[in-house]
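In the numbering used here, the protein residues as written are 1 to 148.
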């Protein structure tokens, strides 16, 4: 698998350090031992590894212990509520702090408004993604928008 990723990067002339692979619970739990080995090899070759939807699965902390992550993606279920529920805000802030204490980049999913983005910035969140920045679209439309 590592060789396949390296071949693709060579074709597209993209350095591995510019690529972050998102890991979900379902993807790694079929064979956690093999997944840990492969993810470690990918990490050793410079790929970033992102733990996706952190806080949702039962084994989120096991991910942190077992897999060589570079990013922690905080699930949108928590992010959406930070302006409404103080408990959600405290949880998100704690997840951001946890990511930083482990040397990981904190990424918030599901950011849809400027108020949420401002709160995340105040909490020290490193990266945000969501509809505030753009909606999913076909590749051709995205590429066309870059030249507009």
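C-beta: ideal position from N, C-alpha, C; glycine also. Computed from a predicted structure; not experimentally measured.
The residue among 46, 79, 68 and 66 with its C-alpha nearest the C-alpha of residue 56 is 79. Collapsing the DSSP output to three states places residue 86 in a helix. Between residue 99 and residue 89 a beta carbon distance of about 16 Å is seen, past the 8 Å cut, so the two are scored as non-contacting. Residue 54 has 74 as its beta-bridge partners, per DSSP.
If you check the CB distance, residue 72 and residue 51 come in under 8 Å.
When the beta-carbon positions are compared, residue 109 and residue 74 come within less than 8 Å of each other.
Residue pairing by DSSP puts residue 23 in a beta bridge opposite 51. The closest CA to that of residue 28, considering only 139, 67 and 2, is found on 67.
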